[in-house]
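Encoded as structure tokens, the structure appears first; notes follow it.
Numbering (this note's numbering), first residue to last: 6 to 141.
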């Protein structure tokens, strides 16, 4: 596989906070094996925020999806069973000292793009909350 080829992985997880660690380590392995070690730290942080939101704020299963697009971006998303949009990100200056509420603010600050889209997976309605990182 050439380094510019697109690829796509999905890791299905239970509604369990321990799954966040599994997702981080799996993402690290995927990016390392594809020669994208320079993205690992930022990608792990963003994936952990997205997946922890999916697990904390919904009751059903979730999934981490990571892919390299034909345009060379790394797309990271968390799927959950709640089709409602996420709360808008708060400015990091407003939540710097809080234990909760920083997730999407970090995603917005660190990713080139982010967003959400409703979807249907596993026979359930839900949504993806996603971000993109440039490979450069």
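Heads up, the beta-carbon is just placed ideally off N, CA and C, and yes, glycines get one too. Predicted model only: the values in this text are computed from it and were never measured.
Looking at the backbone, the Cα of residue 53 and that of residue 125 are separated by about 22 angstroms. As the crow flies, the alpha-carbon of residue 20 is around 31 angstroms from that of residue 77. Sequence-distant partners of residue 68 (beyond 5 residues in either direction) whose C-beta falls short of 6 angstroms from its own C-beta, in its chain, are 15, 17 and 84.
Restricting attention to 31, 133, 41 and 34, the CA atom closest to the CA of residue 9 is found in 41.
The beta carbon of residue 73 lies closer than 6 angstroms to those of 11, 12 and 79 in the same chain, with the five residues before and after it left out. Of the residues assessed, residue 66 falls on the buried side of the cut-off, its CB having 16 or more other CB atoms within 10 angstroms.
Distance from the CA atom of residue 132 to the CA atom of residue 81, rounded to whole angstroms, is 13 angstroms.
If you compare the alpha carbons of 111, 87 and 123 with that of residue 60, the shortest gap goes to 87. In the structure shown, the three-state DSSP call for residue 10 is coil. In this structure, DSSP gives residue 16 an extended state, which the three-state scheme calls strand.
Residue state for residue 89 is assigned as coil, using DSSP reduced to three classes. Of the candidates 138, 136, 139 and 129, the residue whose Cα lies closest to the Cα of residue 64 is 129. Between the C-alpha atoms of residue 24 and residue 123 there is a straight-line separation of about 22 angstroms. DSSP, read as helix, strand or coil, puts residue 131 in strand.
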